[in-house]
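Visitor: Numbering (my numbering), first residue to last: 24 to 122. From the three backbone atoms N, C-alpha and C, an ideal C-beta is built for every residue, glycine too. The structure presented is a predicted model; accordingly, all values stated were derived computationally and were not measured.
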């Protein structure tokens, strides 16, 4: 991964985190956070041979960054999914309907 790609990845990740923070704080609607321009996007490709040639500390840092990006990507993917059904919410709705 080239230096410019790492910078782009860091900026994209930081922007995504700030967007999620804004949603959590009520400063932005969740629907607005799902706009393509606010999504995490794809990680740049890392050449395995280039990574193997790096010093161990650099490889560890890059591997950690890749793992962090993967975790954020999994969270980002859940933004499109509807929430799972809640047994408690179903019970509340049945109680509302009964009265």
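Alpha carbon to alpha carbon, how far is residue 39 from residue 120?
Guide: Roughly 40 Å separates the two Cα atoms.
Visitor: Using beta-carbon positions only, say whether residue 92 and residue 73 come within less than 7 Å of one another.
Guide: Against a cut-off of 7 Å, the Cβ pair of residue 73 and residue 92 comes out as no contact.
Visitor: Examine the Cβ distances between the segment 47 to 67 and the segment 95 to 110 and report whether three or more of them are shorter than 8 Å.
Guide: Because the criterion of three Cβ pairs below 8 Å is met, the segment 47 to 67 and the segment 95 to 110 touch.
Visitor: What is the rounded straight-line gap between the Cα of residue 53 and the Cα of residue 60?
Guide: Approximately 13 Å between the Cα atoms of the pair.
Visitor: With 16 other CB atoms within 10 Å as the buried threshold, where does residue 32 fall?
Guide: Buried, because 16 or more other Cβ atoms sit within 10 Å of the Cβ of residue 32.
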